[in-house]
């Protein structure tokens, strides 16, 4: 037997918050999906430290600007990305719960410019934290080129 559910919006049972909408062409919108996007507008050279990041988007307020740490709100798969340009050494770690998960950016170039980036899908548990930790080198940023980072729920 086939079941068809014809609704244009699904809300939570108590507050009427829209969890999912479907338009007439079948496009699905999930407006409360956790998402973070941030950047640095200036060069960062403080090694052995968590990188301070300015917020562009912080849907759900899961990025803490005091600790520069993102806290996972619910179990799921998340896309995490970081990119910058570099003309010298850079070693940046993506850390999960304060421990190196992987080297996110690594460049040993000492002349000329190159783009460096990393994009991952991580399975996270509610309460896990992520941060970006500069081991050595510098993260370059100027008025035209930013260090950028993002995290969002894939599903």
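Residue numbers (the working numbering): 102 to 256.
Each residue gets a CB set at the ideal place from its N, CA and C atoms; glycine is no exception.
At a Cβ-Cβ threshold of 8 Å, residue 219 and residue 198 do not count as neighbours. Taking the Cα of residue 133 as reference, the smallest distance to any Cα among 124, 184, 237 and 159 is reached at 159. Rounded to whole angstroms, residue 213 and residue 240 show a C-alpha spacing of 15 Å. Excluding sequence positions up to five before and after residue 208, its CB lies within less than 7 Å of the CB of 187, 190, 191, 215 and 217, all in the same chain and listed in chain order. Leaving aside the five residues that flank residue 249 on each side, the residues in its chain whose CB is nearer than 6 Å to its CB run, in chain order, 140 and 184.
Within the segment 114-174, the runs of beta strand (DSSP E) that reach at least 3 residues and sit entirely inside it are, in chain order, 119-123, 136-141, 155-160 and 170-172.
In the structure shown, residue 193 falls within a strand segment according to DSSP collapsed to helix, strand and coil.
Across the set 114, 120 and 143, the C-alpha of 143 shows the shortest separation from the C-alpha of residue 242. Residue 224 and residue 120 have their C-alpha atoms some 22 Å from each other.
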